[in-house]
């Protein structure tokens, strides 16, 4: 009998294949923007990594963890993704934005996301009505809370534990306000 880790890996491998099939079906010359959203521990970063490995040529990956302005910044990070990154890219311009410096709890280095390369943006808050309108493909990862919590705390340990409930409340607001699943072009159930 496969372990839950095997089931998790298999679900994300299938998701990567589905997303890659969708990318290949896009018209040549189309600006490719893939959004990956889901609650903490659902597998967003893992899926982005699997896609990056499959992608021929250059692809950029932006993690919303680099954008959120602190532990209370999910909504602000989602807005920054759209206004500072997706809007310029949609207009054919490079995007310039500040990475969040978690150690200093302040804006950090300036980053550039190039308009001439495909983009994968991953993180809770990646899919809103506004961001989905600018994306080629939007992926929602659905996963049970207990499995997500186990994975997230194994990944981030004690640094995340005191913030789990606080972050989960922001995720719940995102789901209620933005309904990311309804804007997704691909929905994946992850054990």
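In the numbering used here, the protein residues as written are 1061 to 1251. Heads up, the beta-carbon is just placed ideally off N, CA and C, and yes, glycines get one too. These numbers were taken from a predicted model, which means no experiment stands behind them.
Taking C-beta to C-beta, are residue 1243 and residue 1198 nearer than 8 angstroms?
-> Here residue 1243 refers to the residue found at position 183 of the chain shown. Here residue 1198 refers to the residue found at position 138 of the chain shown. Yes, the pair counts as a contact, with Cβ atoms nearer than the cut-off.
Whose C-alpha, out of 1192, 1158, 1073, 1208, is nearest the C-alpha of residue 1102? Numbered from its first residue, the chain shown carries residue 1102 at position 42. The shortest Cα separation from residue 1102 among 1192, 1158, 1073, 1208 belongs to 1208.
Q.
Suppose you measure from the CA of residue 1076 to the CA of residue 1111; what does that come to, to the nearest Å?
A. Residue 1076 sits at position 16 when you count from the first residue of the chain shown. Residue 1111 sits at position 51 when you count from the first residue of the chain shown. Annotation: residue 1076 to residue 1111 spans about 6 angstroms, alpha carbon to alpha carbon.
In angstroms, rounded to a whole number, what distance separates the CA positions of residue 1151 and residue 1068? For the purposes of this step, residue 1151 is taken as residue 91 along the chain shown, with counting starting at 1. For the purposes of this step, residue 1068 is taken as residue 8 along the chain shown, with counting starting at 1. Counting only the Cα atoms, residue 1068 lies some 37 angstroms from residue 1151.
Beta-carbon spacing of residue 1201, residue 1137 below 8 angstroms
Along the chain shown, read from residue 1 onward, the residue named residue 1201 stands at position 141. Along the chain shown, read from residue 1 onward, the residue named residue 1137 stands at position 77. Result no, Cβ atoms of residue 1201 and residue 1137 do not sit closer than 8 angstroms.
Alpha carbon to alpha carbon, how far is residue 1114 from residue 1086? Give it in angstroms, no decimals.
-> Taking the first residue of the chain shown as 1, we reach residue 1086 at position 26. Taking the first residue of the chain shown as 1, we reach residue 1114 at position 54. Spanning the two alpha carbons is a distance of roughly 16 angstroms.
| Per-residue burial, residue 1070 [other beta carbons within 10 Å of its own, 16 or more giving buried] | The residue labelled residue 1070 in the question sits at position 10 within the chain shown. Under this definition residue 1070 is an exposed residue.
(request) With DSSP as the reference, please indicate the residues paired to residue 1182 in a beta bridge. (result) Along the chain shown, one-based indexing puts residue 1182 at 122. Its beta-bridge partners are 1096, 1123.
Going by beta carbon distance, what residues of the same chain come within less than 6 angstroms of residue 1142, once the five residues before and after it are set aside? The residue given as residue 1142 occupies position 82 in the chain shown. Excluding five sequence positions before and after residue 1142, the CB atoms of its chain that fall closer than 6 angstroms to its own CB belong to 1190, 1191, given in chain order.
Can you list the beta strand (DSSP E) stretches of 3 or more residues lying completely in the region 1131 to 1158, in chain order?
List check, beta strand (DSSP E) in window: nothing returned.
So, do the region 1148 to 1162 and the region 1117 to 1129 have three or more beta carbon pairs nearer to each other than 8 angstroms?
Under the three-pair Cβ rule at 8 angstroms, the region 1148 to 1162 counts as touching the region 1117 to 1129.
If you run the structure through DSSP and keep just helix, strand and coil, what is residue 1196?
Mapped onto the chain shown, residue 1196 falls at position 136. Here residue 1196 sits in coil by DSSP.
(request) Look at residue 1238 and residue 1173 and say whether their C-beta atoms are less than 8 angstroms apart. (result) Your numbering for residue 1238 matches position 178 in the chain shown. Your numbering for residue 1173 matches position 113 in the chain shown. The answer is no: Cβ separation not under 8 angstroms.
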